[in-house]
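What follows is one structure encoded as structure tokens, with my remarks underneath.
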Amino acid sequence: KNEVEQSPQNLTAQEGEFITINCSYSVGISALHWLQQHPGGGIVSLFMLSSGKKKHGRLIATINIQEKHSSLHITASHPRDSAVYICAAPLYGGSQGNLIFGKGTKLSVKP
Amino acid sequence: NAGVTQTPKFQVLKTGQSMTLQCAQDMNHEYMSWYRQDPGMGLRLIHYSVGAGITDQGEVPNGYNVSRSTTEDFPLRLLSAAPSQTSVYFCASSYGRSNSPLHFGNGTRLTVT
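Quick note, the sequences are listed as chains A and B, same order. With our numbering applied, the first sequence corresponds to residues 97 to 207, in that order. With our numbering applied, the second sequence corresponds to residues 9 to 121, in that order.
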């Protein structure tokens, strides 16, 4: 069974800082998801990546399939980035269907 | 497009009562799933479906029932609610391919007393 570990659990940053959230998983996968859960509870898909790097605005996600590790970076962080960031990987590898989720990283960006 | 619509937003049940959480999507997604989110546990897969008429169990299926009679709808039934089912429930859908993002409903906060 795949395990997904995230670090850190909690992260407090000052506005403008560069943020890194890490995700490690235990079995081979074809793709990994990064999600954002706002304080109101809604969950939004940020990235789905199977290799290399993806960028969307100030968010950058990288993945190293061989090392079974992914990172989510936020450049020039802003208080509106405050949320819980969750990574997820397929439960049995391969299919993107049955996902197992990390416990999330709660980010708080102070003005 | 409405995306993924989940109802109700809040529900309080007494132990032993039954209810159905509704989930509907208008994106013609093949894959639909139900998750529960508990403090310190992360999201856990309850049941999923890869198309109309096809459902399967996830990580924590006990106490829940699903069916998929149409592509659009994927209801989750609690047959006899228990306090252990107090949680926040999310429905999600996607095209089911490896490059397809997940679309989530807004969640249902269920309390069983």
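The C-beta atom is built at its ideal place from N, Cα and C for all residues, glycine as well.
Residue j and residue i - do their beta-carbons sit closer together than 8 Å?
| i | j | result |
| --- | --- | --- |
| GLN19(B) | LEU87(B) | no |
| VAL180(A) | GLN105(A) | no |
| CYS116(B) | LYS17(B) | According to the sequence provided, residue 116(B) is Thr. The question's Cys does not apply to it. In this structure, LYS17(B) lies closer than 8 Å to THR116(B) by Cβ. |
| GLN93(B) | GLY71(B) | yes |
| VAL74(B) | TRP42(B) | yes |
| GLN14(B) | GLN25(B) | no |
| LYS206(A) | THR108(A) | yes |
| ILE156(A) | HIS174(A) | no |
| ALA60(B) | ASP34(B) | no |
Need the endpoints of the beta strand (DSSP E) that residue i sits in, please.
| i | result |
| --- | --- |
| GLY59(B) | 50-59 |
| ASN106(A) | 106-110 |
| HIS134(A) | That residue, HIS134(A), is in no beta strand (DSSP E); it is neither H nor E in DSSP. |
| PRO186(A) | 179-186 |
| TYR72(B) | 72-74 |
| MET144(A) | 139-145 |
Quick one: is the Cβ of residue i within less than 7 Å of any heavy atom of the ligand COA?
| i | result |
| --- | --- |
| LEU195(A) | With respect to small molecules bound, the structure shown includes none, and the ligand COA cannot be examined in it. |
Classify residue i as buried or exposed, calling it buried when 16 or more other Cβ atoms lie within 10 Å of its own Cβ.
| i | result |
| --- | --- |
| PRO186(A) | buried |
| THR201(A) | buried |
| ILE62(B) | exposed |
| SER166(A) | buried |
| GLY198(A) | buried |
(message) Give me the subset of the stretch 54-73 of chain B whose CB atoms are less than 9 Å from a CB atom of chain A, sorted by chain position.
(response) Of all residues in the stretch 54-73 of chain B, only TYR56, VAL58, ASP64, GLY66 and GLU67 place a beta-carbon less than 9 Å from a beta-carbon of chain A.
(request) Using a Cβ-Cβ cut-off of less than 8 Å, give me the residues of the stretch 146-167 of chain A that come near chain B, in sequence order. (result) The residues in question are SER146.
(message) Using a Cβ distance threshold of 8 Å, determine whether the stretch 122-137 of chain A contacts the stretch 75-84 of chain B, with at least three qualifying pairs required.
(response) Touching, no.
(message) Beta carbons nearer than 9 Å to chain A: which residues of the stretch 95-119 of chain B have them?
(response) Correct list: VAL96, PHE98, ALA100, SER102, GLY104, ARG105, SER106, ASN107, SER108, PRO109, LEU110, HIS111, PHE112, GLY113, ASN114, GLY115 and ARG117.
(message) Please identify, using Cβ separations under 7 Å, the residues of the stretch 122-145 of chain A that lie next to chain B, in order along the chain.
(response) SER126, ALA127, HIS129, GLY137, GLY138, ILE139, SER141 and MET144
(request) Mind checking the stretch 27-52 of chain B against chain A and listing, in chain order, the residues whose C-beta falls within less than 9 Å of any C-beta there? (result) TYR39, SER41, TYR43, GLN45, GLY48, MET49, GLY50, LEU51 and ARG52
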